[in-house]
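**Student:** Before I ask anything, here is the structure I am working with.
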Amino acid sequence: MMSKNVFYIAGVLVALLMIVASCKKEDIEVPIPEKCPNIGFDAININESFSSTTYGSVFYAHNAVSMQGKYRDYSGLGTNLGSVKTILASTLPNPNGNFVDKVLNIKDADVLFDYSAVDHATRLKSITLKTDNLLHSGNLKINGGAPDEYIASQAVGEVKLLGGINSIELGGENISIDDVSLNDFLYNGTGWDSSTFSFDSSLNKFIDSTDTDYTLIYSLGIRILNQQSLPYPSNIDSVYFRAKFAKIGFGSINGGENGLVAWGDDYYIDNESNSNFSGGILKLLDCDLEIDFSNLRIIDKHISFDVSNHMLLVAPNEFRVNGAPLGTVPAGVSYTIIPLEDAENGRPCYRVVIEGPINTIVLSENGAYDNLSVYGL
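Structure, rendered in structure tokens:
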């Protein structure tokens, strides 16, 4: 009888040891890090103060993204004390309608978001965050410098950043943010293997009449066809799109107060499409759009696009290559205008082909465009 009890107890102990070993194995497994860390502040308790004007130790980390803080006298009160904490959005005097539950509140401080350790498929990232303040060079730095080239869009309450971003420094006298999300910089079905731009996705942008200098509205990563032999993802470069208000004296939007970049317009304003157009088009109303190809690692480029315009294209350099004025084609650049069949409304349509050392072109106001393509010569 005793030996049976011993065997029974021994069996139970073995079973318990197997269960413990199994649980221990599960406990020590390292979870797979989020590929795209998204930081909401609802489940986080942060309450930090800063007196030093240099960044201190990391006070919060989420997967491969870390946060540090330092004092900066945005208010001008000279208190030598900044803070960052999570608070309820409902306690803010004028909370952003997009805020839910808790937000990160920053007072007289800068917060550094370090993304350099994030393992991404490409060096290009898309980062969005909700905010109750406008972001600009005074309260935002990207990779330690001015943010202009990285701000793809900024609407009331939300900003979208695009590009090769390794760090963000964000601060203010009293600013709150929420839902800092990170994703790989992804594109439509043509992807990086094509250098033809599709305007099928929606990116409508109003341009205020005070915006008389070019402002970045979009950046797009492409892989030039003759660069595909380069190591991935170093063969991806960015093309920048900047817009400014350019009223021509009639036919204004909202009484002349705004211009409009209608990117992905699928209803063809004024029936301006022709047989070459397909899907969405790019329509410019009372604004000019500068396209910057200077970041591409090729010097001589072939650039072409189709245009439906309210006037004949007769003067050389109608699209102001490299900033040269109308009628002056820069040295080494060839400029060809090929007539196409008229648009549905009878307006003339053209295929424009520009070749040479091209850095920028300008698509002019009140035109409709499609089939923009670039590749190296």
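Residue numbering for the sequence shown follows this note's numbering, starting at 977 and increasing by one per position.
For each residue, glycine too, the CB sits at the ideal point set by N, CA and C.
Just confirm the distance between the C-beta atoms of Ile-1141 and Lys-1106, as a whole number of angstroms; I'd bet it's less than 8 Å.
**Tutor:** To locate residue 1141, count along the sequence shown from 1; it is residue 165. To locate residue 1106, count along the sequence shown from 1; it is residue 130. Not confirmed; about 17 Å, so no contact.
**Student:** Where does Ile-1334 fall in DSSP's three states?
**Tutor:** Start at 1 with the first residue of the sequence shown, and residue 1334 comes out as number 358. Residue state, collapsed to three classes: coil.
**Student:** Could you give the residue range of the beta strand (DSSP E) that holds Lys-1117?
**Tutor:** The sequence position of residue 1117 within the sequence shown is 141, counting from 1. Segment 1116–1118, the beta strand (DSSP E) holding Lys-1117.
**Student:** Nearest to Ser-1251 by CA position, among Phe-1182, Asp-1049, Arg-1327, Leu-1260, is which residue?
**Tutor:** Locating residue 1251 in the sequence shown gives position 275, counting from the first residue. Of Phe-1182, Asp-1049, Arg-1327, Leu-1260, the residue nearest in Cα terms is Arg-1327.
**Student:** Does the pairing of the segment 1264–1272 with the segment 1327–1336 give three or more beta-carbon distances under 8 Å?
**Tutor:** Yes: the two stretches touch, three or more of their Cβ pairs being nearer than 8 Å.
**Student:** Can you tell me which of the three DSSP states Glu-1149 falls into?
**Tutor:** The residue labelled residue 1149 in the question sits at position 173 within the sequence shown. If DSSP states are grouped into helix, strand and coil, Glu-1149 belongs with coil.
**Student:** Note the first and the last residue of the continuous beta strand (DSSP E) segment covering Gly-1197.
**Tutor:** As a first step, residue 1197 is located in the sequence shown; it is residue number 221 there, counting from the start. Segment 1191–1198, the beta strand (DSSP E) holding Gly-1197.
**Student:** Bridge partners for Asn-1159 per DSSP, in chain order?
**Tutor:** Translated into the one-based positions of the sequence shown, residue 1159 becomes position 183. According to DSSP, Asn-1159 bridges with Ser-1102.
**Student:** Using alpha carbons as the reference points, say which of Ile-1274, Phe-1281, Gly-1121 lies closest to Ala-1344.
**Tutor:** Walking along the sequence shown from the start, residue 1344 turns up at place 368. Ranking Ile-1274, Phe-1281, Gly-1121 by Cα distance to Ala-1344 puts Phe-1281 first.
**Student:** By the 10 Å Cβ neighbour count, where 16 or more other Cβ atoms means buried, how is Ile-1144 classified, buried or exposed?
**Tutor:** Against the sequence shown, residue 1144 aligns to sequence position 168. Per the 10 Å Cβ criterion, buried.
**Student:** Going by alpha carbons, who is nearest to Ala-1219 out of Glu-1233, Ile-1183, Ala-1238, Met-1287?
**Tutor:** As a working mapping, residue 1219 is identified with position 243 in the sequence shown. Ranking Glu-1233, Ile-1183, Ala-1238, Met-1287 by Cα distance to Ala-1219 puts Ile-1183 first.
**Student:** Tell me the rounded alpha-carbon separation between Ala-1037 and Asp-1154.
**Tutor:** Taking the sequence shown and counting its residues from 1, one reaches residue 1037 at position 61. Taking the sequence shown and counting its residues from 1, one reaches residue 1154 at position 178. Going by the C-alpha atoms only, they are around 15 Å apart.
**Student:** Please check the pair Ser-1103 and Val-1079, which I expect to be a contact at CB under 8 Å, by giving their CB distance rounded to whole angstroms.
**Tutor:** In the sequence shown, the residue the question calls residue 1103 occupies position 127. In the sequence shown, the residue the question calls residue 1079 occupies position 103. In the sequence under discussion, the amino acid at residue 1103 is Ile, which differs from the Ser named in the question. Wrong, their Cβ atoms sit about 17 Å apart, outside the cutoff.
**Student:** Report the CB separation of Ser-1310 from Glu-1331 in whole angstroms; it is logged as a contact under 8 Å.
**Tutor:** Reading the sequence shown from its first residue, position 334 is the one you call residue 1310. Reading the sequence shown from its first residue, position 355 is the one you call residue 1331. So it is a contact: roughly 5 Å between Cβ atoms.
**Student:** In angstroms, rounded to a whole number, what distance separates the CA positions of Gly-1354 and Met-1287?
**Tutor:** With the chain represented from 977 up to 1353, any question about residue 1354 goes unanswered, as that position is not in the structure.
**Student:** What separation, rounded to the nearest whole angstrom, lies between the Cα atoms of Leu-1068 and Gly-1308?
**Tutor:** To locate residue 1068, count along the sequence shown from 1; it is residue 92. To locate residue 1308, count along the sequence shown from 1; it is residue 332. The straight-line gap from Cα to Cα measures roughly 58 Å.
**Student:** Determine the closest residue to Gly-1114 out of Ser-1092, Asp-1086, Val-1297, Ala-1131, with distance taken between C-alpha atoms.
**Tutor:** Indexing the sequence shown from 1 puts residue 1114 at position 138. When only C-alpha atoms are compared, the closest one is Asp-1086.
**Student:** Strictly by DSSP, which residues pair up with Phe-1269?
**Tutor:** Position 293 of the sequence shown, counting from 1, holds the residue named residue 1269. DSSP, once it has assigned bridges, lists no residue as partnering Phe-1269.
**Student:** Can Gly-1035 and Glu-1024 be called in contact, C-beta distance under 8 Å?
**Tutor:** Within the sequence shown, residue 1035 is the residue found at index 59, counting from 1. Within the sequence shown, residue 1024 is the residue found at index 48, counting from 1. The question names Gly, yet the displayed sequence has Phe at residue 1035. Result yes, Cβ atoms of Phe-1035 and Glu-1024 sit closer than 8 Å.
**Student:** Check this for me: beta carbons of Ile-1151 and Ile-1082, under 8 Å apart or not?
**Tutor:** On the sequence shown, residue 1151 is found 175 positions in, with the first residue counted as 1. On the sequence shown, residue 1082 is found 106 positions in, with the first residue counted as 1. Contact: yes.
**Student:** Looking only at its chain, what residues have a beta carbon closer than 8 Å to the beta carbon of Ser-1195, apart from the 5 residues adjacent to it on each side?
**Tutor:** Taking the sequence shown and counting its residues from 1, the one referred to as residue 1195 is at position 219. Cβ within range, chain order: Glu-1125, Tyr-1126, Ala-1128, Leu-1138, Gly-1139, Ser-1214, Val-1215, Tyr-1216, Phe-1217.
**Student:** For a test of the three-state rule: what should DSSP assign to Asp-1246, helix, strand or coil?
**Tutor:** Within the sequence shown, residue 1246 is the residue found at index 270, counting from 1. Looking at Asp-1246 - three-state DSSP - the assignment turns out to be helix.
**Student:** What first and last residue would you give for the beta strand (DSSP E) that runs through Asn-1285?
**Tutor:** The residue labelled residue 1285 in the question sits at position 309 within the sequence shown. Note, Asn-1285: premise wrong, no beta strand (DSSP E); not H, not E.
**Student:** For Ile-1275, count the other beta carbons within 10 Å of its own beta carbon; 16 or more makes it buried, fewer makes it exposed. Which is it?
**Tutor:** Counting from 1 along the sequence shown, the entry for residue 1275 is found at position 299. Under this definition Ile-1275 is an exposed residue.
**Student:** Let's see if you can read the secondary structure: which residues bound the beta strand (DSSP E) around Lys-1181?
**Tutor:** As a position in the sequence shown, residue 1181 is number 205, starting the count at 1. Counting along the chain, the beta strand (DSSP E) containing Lys-1181 begins and ends at 1181–1184.
**Student:** Can you list, in chain order, the residues of its chain whose CB lies under 6 Å from that of Lys-1181, leaving out five sequence neighbours each side?
**Tutor:** Here residue 1181 refers to the residue found at position 205 of the sequence shown. Once the five neighbours on either side are set aside, the close Cβ partners of Lys-1181 are Ile-1193, Val-1237.
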